[in-house]
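Enquirer: Residue numbers (our numbering): 498 to 884. Backbone N, C-alpha and C fix where the C-beta goes; we use that ideal spot for every residue, glycine too.
This is the structure in structure tokens:
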């Protein structure tokens, strides 16, 4: 029986080259340090993706530079090479521009998914191959397991750290090449303990809480910088047609929002729809948020059968419509342009631009996902069953 090393290759660690994507944080630093300590031929790469100051119009800031410095210190301490690649242009074109345009179109985008899909798991994978690496390892909390038909994507052992929602767009070809050493870690405390054992200078570094190019959490400020003058005022309108107030741009709102509407008084109201054409923010009671039917585009399928070979009743899945929610029972029906997901019980605040991620009904396997669309068909499914 062939003995595989920790990364699944039938050769000595020293004969296995692995590129590690190093963000400068504790997770990716631990991955690089652990693999180097095990004797793998490690090459660290940090991507220069953005400048905080340029994103918010304040000139140069030190945050991105500090992350690069931290990654370099880890590499020097563990004795493996480290390179910094300038990906700012492709990151802006592939991630930041779409982020701004999506908000202006009334959607609530997830740039972290696009970054993984279009930059880290596409461009960086290509770079790792060019360097002769056998695989690319990252610090994501998600598991890659060998199944009977090839590698499978699974939720992380620690449900509080699980990042499967943000990695649903990982393709089967990418999964063949990727490795996620932290997927089986029981807790973030264990990861930090590993960092301390290796004497890493980032062992106590705080986790990042915001989108990387939105350092202060002010999305609207970044959008206005990327698209000057694009945010136009409009009306806040009740579902029954009453005009309740004015707003300074739909980029300040998202589906399900209650606070900060500025209309005050009466029963609680929530944002139930954004209409970019009329620049209207549509509000209504909480029950108007309930959705059973979700229309998806750009579906990525990681199941064992061809996606279009679904049974007549559709695929039985668990569906997650927000990163902070647990998956719920649903049926998945492939269409010519994507898919329809029918939730067995309604979910609130299903927002265009977010993802709907599919999981196997039993176990931890990730079956893929798609992007939630806003169209008439989807809106007709609010608060009612699909007939």
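Do the CB positions of residue 697 and residue 637 come within less than 9 Å of each other?
Expert: By one-based count along the chain shown, residue 697 stands at place 200. By one-based count along the chain shown, residue 637 stands at place 140. Contact flag unset, no.
Enquirer: Just mark residue 819 as buried or exposed, buried being the case when its beta carbon has 16 or more other beta carbons within 10 Å.
Expert: Here residue 819 refers to the residue found at position 322 when the chain shown is read from its first residue. It is buried - the Cβ of residue 819 has at least 16 other Cβ atoms within 10 Å.
Enquirer: How close, in whole Å, do the beta carbons of residue 655 and residue 682 come, if the pair is a contact with beta carbons under 8 Å?
Expert: Counting from 1 along the chain shown, the entry for residue 655 is found at position 158. Counting from 1 along the chain shown, the entry for residue 682 is found at position 185. Contact holds; Cβ gap of about 6 Å.
Enquirer: Here's the rule: buried if 16 or more other CB atoms are within 10 angstroms of the residue's CB, otherwise exposed. What is residue 515?
Expert: In the chain shown, the residue the question calls residue 515 occupies position 18. By the 10 Å Cβ count, residue 515 comes out buried.
Enquirer: For the alpha helix (DSSP H) that residue 533 lies in, which residues bound it at each end?
Expert: Working through the chain shown from its first residue, we reach residue 533 at position 36. 523-534 is the span of the alpha helix (DSSP H), which, as asked, contains residue 533.
Enquirer: Quick one: is residue 666 buried, meaning 16 or more other Cβ sit within 10 Å of its Cβ, or exposed?
Expert: Within the chain shown, residue 666 is the residue found at index 169, counting from 1. Per the 10 Å Cβ criterion, buried.
Enquirer: Looking at residue 639 and residue 620, is the spacing between their C-beta atoms short of 9 Å?
Expert: Counting from one through the chain shown, the residue named residue 620 turns up at place 123. Counting from one through the chain shown, the residue named residue 639 turns up at place 142. Against a cut-off of 9 Å, the Cβ pair of residue 639 and residue 620 comes out as no contact.
Enquirer: Distance, Cα to Cα, residue 784 vs residue 845?
Expert: Residue mapping note: residue 784 aligns to position 287 of the chain shown, counting from 1. Residue mapping note: residue 845 aligns to position 348 of the chain shown, counting from 1. Cα to Cα, the separation comes out at about 8 Å.
Enquirer: Based on the DSSP secondary-structure assignment, which residues constitute the bridge partners of residue 855?
Expert: The residue you call residue 855 lines up with position 358 of the chain shown. Note: residue 855 sits in a beta bridge opposite 816 and 865.
Enquirer: Quick check on the burial criterion: 16 or more other C-beta atoms within 10 angstroms. Buried or exposed for residue 684?
Expert: Stepping through the chain shown from its first residue, residue 684 is reached at position 187. The residue is exposed, with fewer than 16 neighbouring Cβ atoms inside 10 Å.
Enquirer: Indicate whether the contact test is met: 3 or more Cβ pairs, each with one atom in the stretch 600-619 and one in the stretch 581-592, closer than 8 Å.
Expert: Touching, per the Cβ criterion.
Enquirer: With a threshold of 16 other CB atoms inside 10 Å of the CB of residue 531, please say whether the residue is buried or exposed.
Expert: Here residue 531 refers to the residue found at position 34 when the chain shown is read from its first residue. So residue 531 counts as buried.
Enquirer: For the candidate residues 577, 575, 576 and 582, whose alpha-carbon lies nearest to that of residue 562?
Expert: The residue given as residue 562 occupies position 65 in the chain shown. Comparing Cα-Cα distances from residue 562 to each of 577, 575, 576 and 582, the minimum goes to 582.
Enquirer: From residue 528 to residue 517, what distance separates their C-alpha atoms?
Expert: As a working mapping, residue 528 is identified with position 31 in the chain shown. As a working mapping, residue 517 is identified with position 20 in the chain shown. In a straight line, the C-alpha of residue 528 is about 7 Å away from that of residue 517.
Enquirer: Taking residue 649 as the reference, give the member of 673, 503, 662 and 566 with the closest Cα.
Expert: Translated into the one-based positions of the chain shown, residue 649 becomes position 152. The shortest C-alpha separation from residue 649 is found at 673.
Enquirer: Between residue 526 and residue 692, how many whole angstroms is the CB-CB distance? I'm expecting something under 8 Å.
Expert: In the chain shown, the residue the question calls residue 526 occupies position 29. In the chain shown, the residue the question calls residue 692 occupies position 195. Right, their Cβ atoms sit about 6 Å apart.
Enquirer: Is the beta carbon of residue 777 sitting closer than 9 Å to the one on residue 734?
Expert: Along the chain shown, read from residue 1 onward, the residue named residue 777 stands at position 280. Along the chain shown, read from residue 1 onward, the residue named residue 734 stands at position 237. Against a cut-off of 9 Å, the Cβ pair of residue 734 and residue 777 comes out as a contact.
Enquirer: If you draw a straight line from the C-alpha of residue 871 to the C-alpha of residue 702, how long is it?
Expert: The count along the chain shown starts at 1 and reaches residue 871 at position 374. The count along the chain shown starts at 1 and reaches residue 702 at position 205. The alpha-carbon atoms of residue 871 and residue 702 are separated by roughly 39 Å.
Enquirer: Please work out which residues of its chain come closer than 6 Å, Cβ to Cβ, to residue 861, disregarding the five sequence neighbours upstream and downstream, and give them in chain order.
Expert: One-based indexing of the chain shown puts residue 861 at position 364. Once the five neighbours on either side are set aside, the close Cβ partners of residue 861 are 651 and 652.
Enquirer: Does residue 642 pass the burial test, meaning 16 or more other C-beta atoms within 10 Å, or should it be called exposed?
Expert: Here the question's residue 642 lines up with position 145 in the chain shown. Residue 642 comes out exposed.
Enquirer: Kindly indicate which residue of 568, 664, 826 and 852 has the alpha-carbon position closest to the one of residue 792.
Expert: Sequence index remark: in the chain shown, residue 792 carries index 295 (1-based). Out of 568, 664, 826 and 852, 852 has the C-alpha closest to the C-alpha of residue 792.
Enquirer: Using only the alpha-carbon positions, how far apart do residue 549 and residue 601 sit?
Expert: By 1-based counting over the chain shown, the position of residue 549 is 52. By 1-based counting over the chain shown, the position of residue 601 is 104. Interpretation of residue 549 is limited by its pLDDT of 47, a score under 50 that renders its predicted location unreliable; no figure is taken from the coordinates.
Enquirer: Could you name each continuous beta strand (DSSP E) segment of 3 residues or more that falls completely within the stretch 635-662, going from the start of the chain to the end?
Expert: Runs found: 639-644 and 647-652.
Enquirer: Note the first and the last residue of the continuous beta strand (DSSP E) segment covering residue 791.
Expert: Locating residue 791 in the chain shown gives position 294, where the first residue counts as 1. Where residue 791 is concerned, the enclosing beta strand (DSSP E) stretches over 788-798.
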